[in-house]
Every structure is written in C-alpha cells, then in structure tokens.
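Here our numbering is used: the first residue of the sequence shown is 250, the next is one more, and so on. Ideal Cβ positions, reconstructed from N, Cα and C, are used throughout, including at glycine. Note that the structure is predicted; figures quoted are calculated from it, not measured. To start, the structure under review is shown below, and the notes come after it.
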Amino acid sequence: MQVRPRALLITVLCLLTAGHAVYGQELRLPKVFGDHMVLQQELPVVIWGWGKAGQRVLVQFVGQEQSTNVGRDGRWRVTLDPLEASATGMTLTVKTGDESMAFNDVLVGEVWLCSGQSNMEMAVASCNSAQEEIANADYPTIRHIRVEHVMLPDPADDVQTKAGWQRCSPETAGEFTAAGYYFARELLKGLKVPVGLVHSSWGGSMIEPFTSLEGFQAVPELANYVKRIEDSTPGHPNYEKAVRDTMAATRKWLTDAERALGEGDRVGAVPTLPSVTNPLQDWADPTNKYNAMIHGLVPYRIRGTIWYQGEANHNDGMLYVRKTEALMAGWRKAWGQPELPHYYVQIAPYHYGDEDPTILPTFWEAQAAIEKEVPHTGMVVTHDIGDTQDIHPKNKQAVGYRLAVLALADTYGKETLCGGPRFERMAVEGGNVRVFFNRVGGGLVTSDGKAPDAFEIGGENGVFVLAEAKIDRGTIVLHSPEVREPCAIRYAWSKLAGPNLRNAEGFPVSAFRCGRLPERAMVDRLAPQAKGYELLYSHDVGSGGTSQDAAAYRVDRAKEVGAFDRVAYFLVLQKDSGPMQYVWASMKPFTTDARKLGIPTVSTQASFHQVVEDMEVRTNVNGVTTGEGMTGYIEFWPSNYGPENTGRVEGASDRVFDFGDTPGTPVAGYGSMQIHNPSAKQTVMALNKWWDAAVDVGIGNSPEGNPDYTFRDNARQYRVKRLMVLVRPDNS
C-alpha cells in the first residue's frame with residue numbers, strides 16, 4: 250500500500266497528540282494567571298500549566314521554590330505553601346531549562362468567583378450613580394478578571410479572557426461586575442487585604458449549563474441530566490450503542506436501497522443518529538458553560554463563590570434547590586473544597602408579563618430553602634431594592650454590601666448581623682395569628698413607618714385575604730374580619746411584592762408562607778352539590794409535573810377510595826382582581842378505575858373520547874348552560890390531537906379544536922382534559938397541556954381562538970386555579 254506524504258504527516262500528528270500528549274509545546278500557564286492577579290491567602294496555592302515533556306519546571310514566589318517535571322502528557326503542577334496576605338506587588342516566576350515567565354504586580358489576599366446571569370454580569374457603568382462611583386473607584390488592591398462567553402460540549406483545559414487581570418481604577422472599574430465590585434469593596438474595608446474577583450457569568454443563562462456532570466451525578470433527582478450528558482459523550486456505552494445501532498440501520502438501508510433501485514422502487518430515508526447524541530451546544534444544555542467558563546479555572550485557589558442567577562429558572566419551583574445542590578456539589582468536588590462558601594442573591598420582584606403572580610414567590614421560597622438544605626450557603630434578600638418594570642435592578646451597591654456582610658459573618662467570623670428577620674413560626678390566638686421571627690437584630694420596623702404590609706391570612710373560606718398587621722413586642726399580629734378561624738398565612742406572595750417589613754439594621758424579610766387552607770373549603774362553599782362526595786384528587790393548575798407521566802397533585806386518594814356511583818369535576822379560577830369563577834360538572838362514571846378519573850397521564854393509560862350520561866353542570870360563569878340530566882362528551886387523553894371530528898360528534902367542526910377532536914401521536918403529547926355539552930356547542934371545562942408551565946385552562950367556550958382553549962397558554966393570568974376531582978361513594 251502506498252502512503253501519500255500528506256496522509257503520513259496526518260498519521261504522525263495523530264500519534265503524537267494521542268491522549269492529549271503534546272511533546273513540542275512551549276511553557277504555558279492557564280489564562281487565569283497573569284500580571285496584577287491575586288493569589289488566595291492562607292490556603293495551599295496550586296500553580297500549573299503545560300510544557301515540553303520531561304523538562305524540569307521551577308516556580309518561585311516570595312521565598313518559596315517548588316519544582317516538578319513535565320509529564321508525558323505535557324502537563325505539570327506544583328503547590329505553594331499557604332501564603333500571607335500582601336498588598337505590595339510581587340513577582341511570580343516560572344522557569345524551565347530554556348524558558349522563563351514572570352508575572353508582575355501579584356498580590357495575595359482573598360479570591361472570589363462571581364458567576365450567574367445578567368444581574369451578575371451587569372457592569373458598574375450600568376448601575377446607580379455610575380459616574381460618581383467610577384470616579385471614586387481608586388482601589389488598586391481590588392483586581393478583576395473577566396472570562397469570555399463560550400459554550401463547549403466537553404470540558405476545556407483553559408478559559409478565554411481578553412483583558413486579563415485589571416487593577417481597579419476610574420479607568421477600569423466601569424466594566425467590572427457591579428455586584429462583585431461592591432462586594433469586594435466591602436471586603437476590602439472589613440478585612441484590609443487585597444480582593445480578587447474572577448468573573449464568569451453570562452446573561453440569560455440557566456443554572457444547568459454552569460453545572461458539571463459530577464454535580465448532576467451527586468443529586469439523584471437530576472438523573473435525566475446525567476443521561477443527557479452520557480448519551481452525548483463519545484466513549485460512553487450509551488453513545489456507542491446509539492452509534493452502532495445507527496450504523497447497523499444504515500447498513501440495512503444500503504442493502505434495501507440497492508434492492509429498491511434495482512426494482513425501480515422508492516428509497517426510504519437514510520437513518521440518522523438520534524438527537525440525544527448531539528453535542529451539548531444548545532443554550533440550555535447542561536454543562537456547556539461549566540466546560541468552557543469554569544472548568545479551566547480549576548484549581549486556581551478561591552475562597553468562595555457569589556452567585557446571582559434565577560430569572561431563567563424561576564419556573565422551577567423547589568427543583569431549583571436540587572439544581573443548586575448539584576451546582577455546588579460539582580464545584581466543590583472540582584476545587585477539592587467540600588465546604589466552599591456559596592452566597593447567592595434572591596432574585597427581585599418583576600412583572601413577567603401576564604404570568605401567574607404566585608410563580609415567582611414559589612421560586613423565592615425555593616431560594617430561601619437552599620441555605621437550609623445546602624451547607625455553607627447564604628442568601629441575600631432584594632425585595633426592597635428591585636424594580637418591577639426592570640429585570641435588572643440598578644441598586645447593585647446594596648446587593649454587594651449584603652453579600653459582603655454574609656461573607657464577613659459566616660466565612661470570616663466577624664460578629665455582625667448578616668441579614669433580615671427570618672420567619673420562625675406562627676401561632677393562632679383566637680381570630681388572630683401571631684408571627685414569630687428570628688434574626689430580628691434591633692427589632693422589627695417598617696421602611697415607611699406605616700403598618701406592616703403584604704401579609705395575607707386564610708381560613709374557613711379557603712382563600713387568602715389581605716390582613717391587618719401590627720408590630721407587637723418583636724412579633725407581628727395579623728387579623729382580618731373576613732376570617733373567623735385562621736389557619737394559614739403568607740407574606741409578599743406576589744411577583745410585584747415590595748413589602749416594607751425589615752429589622753432596625755435595614756435588612757428585609759423574605760417571602761414566606763405557613764399553614765394550610767382547608768382542602769375542600771372552596772368546593773364546599775361554592776358548590777353545595779359536593780355534599781356526600783369524597784375528594785379524590787386536588788391539583789394546582791400550572792404546577793405541572795416532571796413529564797406527561799406524572800401529575801403534581803396536592804391530594805391523591807386513588808388508592809383509598811372505594812366503589813363510587815358518580816364522579817365530579819370542580820374547577821375554580823380567579824385573577825388578581827375580579828370574582829372567583831367556578832364550574833361543577835358531575836356525571837355517571839365512565840370507568841371504575843379511580844386512577845383514570847384524574848389528569849390523563851401516560852402511566853394511567855387514560856384515554857377517553859366518549860359520551861357521558863346524566864351530566865349536571867353548575868357554574869357562576871355567564872353564558873354556560875346549567876342543569877341536570879344532560880348528555881355530555883369528554884376528551885381525556887395525554888396525547889397530541891387534531892381537530893378532525895372522526896367521532897362524528899353532532900355539531901362539532903373538522904377545522905377548529907372544539908368538542909369533536911381526535912387523539913393522535915405521540916402518546917406523551919400535548920394532552921387534553923375537556924368536558925363538553927355538545928347540544929349547546931359548549932366547552933364546560935378545559936385543561937390542556939397540564940404538564941407545562943403554560944397551561945390552557947377555562948370555563949365555557951374560549952372568548953378567542955379555539956373554543957376548547959387549545960393553544961391559549963392562559964393559565965398564568967390566574968392567581969387562584971384549582972382543579973378537584975370528587976367521587977360519590979356507592980352505598981348500594
């Protein structure tokens with residue numbers, strides 16, 4: 250066989266670079282090393298890089314000399330003994346037999362990683378009092394390095410940076426991360442040592458791309474992300490199987506194609522690799538920003554991390570706790586610092602269009618849970634410094650200050666109050682509720698000198714109402730004449746909340762809730778027909794699930810109920826203002842399996858498009874036909890569906906989605922849970938795409954679009970949205 254010169258050259262290069270070994274490489278260090286950098290005090294400091302295999306590398310700094318040989322893979326690494334803080338610029342030298350590198354003006358102090366999305370990326374020049382702040386930014390011992398925006402499907406050995414380390418001055422400070430700069434300024438005042446900021450953030454990012462594979466592997470609830478990563482990783486059995494299966498299918502296709510061509514038949518489509526093997530290069534793919542923007546910083550020694558992110562994940566609810574656990578498990582393992590501090594900012598109130606106003610408070614609740622469930626973390630509250638019309642609040646001075654106070658107290662052991670009052674417990678006192686807090690400092694106060702606001706109280710009527718609140722001996726007492734028997738409270742439970750309660754030191758109280766409203770209160774109050782029925786399911790519309798296969802029920806009694814002779818569906822909806830709208834629709838059972846009476850998931854195999862007998866409808870929504878003894882029609886299925894009236898439902902359309910649609914594929918699809926009155930050409934109740942954050946829901950025909958609400962995505966406009974399924978026991 251003749252080998253051409255170009256092919257031979259390529260073969261030799263491949264052999265030389267196999268296993269990432271680079272034998273002719275010159276001395277090089279990662280880009281996080283540079284003039285003006287800050288090295289971490291009081292901890293062993295790792296210096297590493299690349300060079301010619303076998304060469305001796307000598308590192309010299311402040312009287313220390315550490316040496317090692319470059320390995321066969323072209324890598325080397327040494328560790329300096331813990332360093333003492335120094336605000337005087339020094340030189341770090343790295344030498345081999347024939348090369349030398351020097352990094353000048355190196356300081357020793359405290360190094361913090363600043364990460365997240367746009368509110369961390371937001372520069373000093375874009376924030377409050379920018380001109381004045383920049384003019385006064387003469388802090389030469391604060392240093393900043395910015396990591397460039399890159400996404401990669403696999404971990405990279407180095408990061409990208411244009412400017413390298415910069416000293417803080419009026420000429421440079423305008424481009425620093427504002428939250429990080431104000432954090433560093435307070436640390437400098439409190440510790441009197443240099444502060445280095447390693448800034449690696451990207452606006453609009455979710456948390457998943459900043460999380461490593463090892464982080465996801467540490468949290469069982471996030472196994473789906475592990476699989477996505479493994480499926481796309483060359484060398485992993487999942488990836489190899491997908492490739493081999495595609496190769497086998499391609500070989501068969503070639504044979505079939507040859508036959509088809511010979512016989513004049515049509516040739517089928519060429520098999521392609523499944524999409525799960527695609528590289529992790531999409532915006533929200535897991536690990537790709539960690540791979541490009543964090544991994545290459547390791548093991549540059551840091552003291553801790555500050556994090557400002559969540560807007561892109563604010564629909565996650567409590568799952569965000571687990572995602573933060575994964576983020577920190579991965580970062581702590583990478584740096585070999587299992588107690589690496591992590592201080593984060595609770596995102597501020599914001600309008601978020603017509604979105605359900607309780608989605609954001611639920612996320613705040615999750616963020617508040619992080620510091621309780623993930624060790625060595627702490628949260629900054631920003632309810633009082635947000636702007637509901639601007640997702641990028643400009644008061645980053647307060648953000649940085651509050652982050653620094655947390656670090657000074659929890660990481661550096663300074664005796665200082667580091668946050669606002671935290672909800673501790675509630676106690677019912679007759680018709681009142683007393684609310685207890687800890688971390689009240691100098692006492693509870695309000696920012697405007699008025700009575701505390703944003704408190705709600707709920708009781709026997711099953712809904713929350715605004716409460717009258719007063720400060721009483723370090724507690725808050727709540728009362729409402731509308732609630733005789735209080736059993737639940739909540740505070741700042743709206744995306745637009747700007748509450749006024751805080752401690753005398755000026756730190757605000759975070760949103761919280763406690764207690765539970767009577768589960769049947771709304772249906773018993775609004776629908777007298779519910780008497781004699783047992784609650785089977787209760788579901789908050791929009792709370793979704795993890796897939797089309799798992800409904801997130803508040804109550805699930807499918808395994809407890811016995812035989813039944815009727816089933817009823819109760820849907821209640823209420824916007825921020827306006828009356829509570831409801832519908833009650835009961836009928837003879839269309840199945841004896843209680844599991845199939847609920848939301849039609851893939852696992853229950855519930856799929857019904859059929860007539861239902863003896864239907865009763867009661868509602869306060871104008872225009873909806875009410876009465877008893879009606880013949881109804883249901884469309885319950887988890888699949889996609891089309892408008893074709895293949896069931897020949899009288900009066901239904903073949904062109905719009907209404908009461909004569911047809912289920913299709915895939916089975917795990919859009920999903921429909923609809924009750925209709927065909928004789929009146931009405932949708933009585935609709936709940937579509939229940940598993941997604943953007944749910945279609947309504948009572949009566951939709952005022953716009955398809956009559957059955959398909960594609961309306963309208964659930965976010967409702968503050969109250971509850972579905973209940975009830976059954977009447979068969980006592981015969």
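Query: Contact check, Val-396 vs Val-287, beta carbons under 9 Å; Result: no
Query: N- and C-terminal bounds of the beta strand (DSSP E) containing Thr-724; Result: 724-728
Query: Beta-carbon proximity list for Glu-457, same chain, < 6 Å, skipping 5 on both sides; Result: Pro-535
Query: Buried or exposed by the 16-neighbour rule on C-beta atoms within 10 Å, applied to Ala-812; Result: exposed
Query: Sufficient close CB pairs (3 or more, under 8 Å) joining the segment 859-877 to the segment 827-840; Result: yes
Query: Within the segment 599-658, ranges of the beta strand (DSSP E) (whole runs, at least 3 residues); Result: 626-629
Query: Length at least 3, wholly inside the segment 849-877: the beta strand (DSSP E) runs in chain order; Result: 857-868
Query: CB contact flag (Arg-971, Leu-820, <9 Å); Result: yes
Query: Test item: CB-CB of Thr-426 and Ser-450 under 9 Å; Result: yes
Query: Same chain only: Cβ atoms within 8 Å of Val-714, ignoring 5 sequence neighbours per side; Result: Glu-705, Ile-706, Gly-707, Ser-729, Glu-731, Val-732
Query: Where Met-567 falls, given that 16 or more other Cβ within 10 Å makes a residue buried; Result: exposed
Query: Boundaries of the beta strand (DSSP E) in which Pro-978 is found, first to last residue; Result: 969-978
Query: Residues that DSSP places opposite Lys-719 in a beta bridge; Result: Val-726
Query: Environment of Asn-537 [buried if 16+ CB atoms lie within 10 Å]; Result: buried
Query: Expected contact under 8 Å - CB spacing of Thr-626 and Glu-620 to nearest Å; Result: 5 Å
Query: The ligand GTP heavy atom lying under 8 Å from the CB of Gln-931; Result: Absent from the structure shown: the ligand GTP. Ligands present: none.
Query: Trp-940, DSSP secondary structure in three states; Result: coil
Query: Runs of alpha helix (DSSP H) wholly within the segment 427-486 (minimum 4 residues, chain order); Result: 427-440, 462-466, 472-480
Query: C-beta atoms of Leu-655 and Asp-702 nearer than 9 Å; Result: no
Query: When Ser-461, Ala-518, Pro-402 are compared against Arg-581, the one with the closest alpha-carbon; Result: Ser-461
Query: Spatial neighbours of Arg-815 in its chain, beta-carbon cut-off 6 Å, leaving aside the 5 residues before and after; Result: Ser-835, Arg-977
Query: Distance CB(Thr-932)-CB(Pro-956) smaller than 9 Å; Result: yes
Query: Gly-579, enclosing alpha helix (DSSP H) - first and last residue; Result: 568-584
Query: Boundaries (first-last residue) of the beta strand (DSSP E) holding Ser-787; Result: 783-789
Query: Spatial distance of Asp-979 from Asn-368 (CA atoms); Result: 58 Å
Query: Neighbourhood of Ala-700 by C-beta distance below 7 Å, restricted to the same chain and skipping five residues each side; Result: Ala-718, Lys-719
Query: When Pro-828, Ser-826, Asp-842, Tyr-831 are compared against Val-810, the one with the closest alpha-carbon; Result: Asp-842
Query: Terminal residues of the beta strand (DSSP E) in which Ser-367 lies; Result: Per DSSP, Ser-367 belongs to no beta strand (DSSP E); it is in the alpha helix (DSSP H), 367-370.
Query: Ala-336, enclosing beta strand (DSSP E) - first and last residue; Result: 335-344
Query: Cut-off 7 Å between Cβ atoms - residues of its own chain near Phe-282, not counting five sequence neighbours on either side; Result: Phe-352
Query: Residue range of the alpha helix (DSSP H) that includes Met-771; Result: 770-775
Query: Val-898 versus Tyr-890 - alpha carbon distance; Result: 15 Å
Query: Whole-angstrom C-beta distance between Trp-297 and Arg-326, which should lie under 8 Å; Result: 4 Å
Query: Status (buried if at least 16 other CB within 10 Å, exposed otherwise) for Asn-473; Result: exposed
Query: C-alpha distance - Tyr-802 paired with Ile-738, whole-angstrom precision; Result: 21 Å
Query: Sub-9 Å separation of Leu-657 and Leu-436 beta-carbons; Result: yes
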